[in-house]
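Counting in the working numbering, the sequence shown tops out at residue 154, every number present. C-beta: ideal position from N, C-alpha, C; glycine also. Only a predicted model underlies this, so the values are computations on that prediction, with no experimental measurement involved.
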Amino acid sequence: MAKAQDLYHTTNGRVLLIVPVGDSVINLHSQKLFAELDYKEAYFKMTLPANSLYSGVDSLDAVISSMEDAKIILAGQLNITKSGEDKIDTGKHPPKTFEFRATLNYKTSDLPISGTGSLEHIEGGSHLKCVLGLTFEVSAEFLQNRLSESKNIKVHIHQLVLDQTL
């Protein structure tokens, strides 16, 4: 287990799923993403209650809110470390872009995921903060989506402000 000073977390991260439906798209949002980032290991884990997603379409939101309390879990490794090191640099640096590999778990299924991301440190205050963003695509079939005729749903986890665990 990592030491507290190596962990950053948030309990109210924002996520956007872009679901193609015919000639249009439905945007599903949530602000209930729990995320944890271990700077020493460059490992992350994010958990989202599936029934916390909303679209602004009353009929669809009713279906989503009535879903069982299943969690969508994304856990993996950021490819962001300096060569020869296994931890994320916490010194002052410009925003970093990177690729990542992870496993997406929903109900009893696991799916390998790869995507891109960015990380930026925020200075000031009594402890460090960082802003993390991730983008990837996931099979519509994996999330048991019946709306989309497309094969993939785009996922954006954006401006996730992570506070250092004290």
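- At a Cβ-Cβ threshold of 8 Å, Tyr42 and Ser18 count as neighbours.
- Cβ-Cβ distances below 6 Å link Leu5 to Leu16, Ile141 and Val143 in the same chain, with the five nearest sequence neighbours on each side left out; the list follows chain order.
- Gln65 is bridged by DSSP to Tyr31 and Arg89.
- The three-state secondary structure of Asp46, taken from DSSP, is helix.
- Straight-line measurement puts the Cα of Gly1 at about 6 Å from the Cα of Lys20.
- Contact fails between the stretch 82 to 93 and the stretch 43 to 54, because fewer than three Cβ pairs, one in each stretch, are under 8 Å apart.
- Nearest to Val45 by C-alpha distance, out of Ile61, Thr35 and Val13, is Val13.
- Val9 is bridged by DSSP to Ser12.
- Here Leu66 really is in contact with Gly105; their C-beta atoms are around 7 Å apart, less than 8 Å.
- Non-local beta-carbon contacts of Phe22 in its own chain, meaning distances under 8 Å to residues more than five positions away in sequence, involve His(-3), Thr(-2), Thr(-1), Gly1, Met34, Thr35 and Leu36 in chain order.
- Separation of Leu120 and Lys28 (C-alpha to C-alpha, rounded to the nearest whole angstrom) is 16 Å.
- Relative to the Cα of Lys84, the nearest Cα in the group Lys59, Ile110, Ala38 and Ile61 belongs to Ile110.
- Collapsing the DSSP output to three states places Ser53 in a helix.
- Annotation: Leu107 to Val3 spans about 16 Å, alpha carbon to alpha carbon.
- Rounded to whole angstroms, the gap between the alpha carbons of Glu24 and Ile61 is 12 Å.
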